[in-house]
DNA sequence: GTATTGACCGTAG
DNA sequence: TCTACGGCCAATA
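Numbering (my numbering), first residue to last: 2 to 111.
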């Protein structure tokens with residue numbers, strides 16, 4: 002597997018603050034491959050065992066497209082709601098407000 | 001080495 | 001506003 006790519010994705014996901022969310026595209030863009038959002042999603046699916054806050058990562062519309070990847074079909078939504086994120090019909094209500102841009106954390110500079 | 005799949009995204013009609 | 005298509009990247013068969 003492309004270790005560098007995977008590592009970068011995992012590191013960024015780990016930086017997502019409590020109660021905030023981001024998108025696959027934003028992560029991919031921050032890494033340097035704006036078109037690799039699919040790979041990001043794939044990697045997250047394979048990193049459920051890594052103890053990452055993967056539930057804070059959704060698609061560009063704020064929809065919980067990856068909820069079915071979790072053990073229970075409602076695990077993702079439950080965790081988000083537990084963090085104060087309002088979820089309605091599988092999508093984040095205040096997505097635009099809760100959205101966390103990785104660029105805000107300038108720890109990562111490419 | 002080729003084909004297919006997947007937690008996606010942007011553009012065009 | 002909604003749908004369709006193509007493209008991109010990593011992993012698997």
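Note that beta-carbon positions come from the ideal geometry of N, C-alpha and C, so glycine has one too.
Straight-line gap, residue i to residue j (C-alpha atoms, nearest Å)
i, j, result
"residue 57", "residue 70", "13 Å"
"residue 6", "residue 79", "29 Å"
"residue 47", "residue 4", "13 Å"
"residue 77", "residue 62", "16 Å"
"residue 94", "residue 105", "22 Å"
Beta-carbon spacing of residue i, residue j below 8 Å
i, j, result
"residue 60", "residue 68", "no"
"residue 65", "residue 86", "no"
Residue i burial status per 10 Å Cβ neighbour count (16 or more: buried)
i, result
"residue 14", "buried"
"residue 37", "buried"
"residue 72", "exposed"
Which residues DSSP lists as bridging residue i, in chain order
i, result
"residue 23", "58"
Cβ separation of residue i and residue j, assumed to be a contact under 8 Å, to the nearest whole Å
i, j, result
"residue 102", "residue 40", "About 20 Å; that fails the 8 Å criterion."
"residue 10", "residue 99", "Not quite, the Cβ-Cβ distance comes to about 20 Å (not below 8 Å), so this is no contact."
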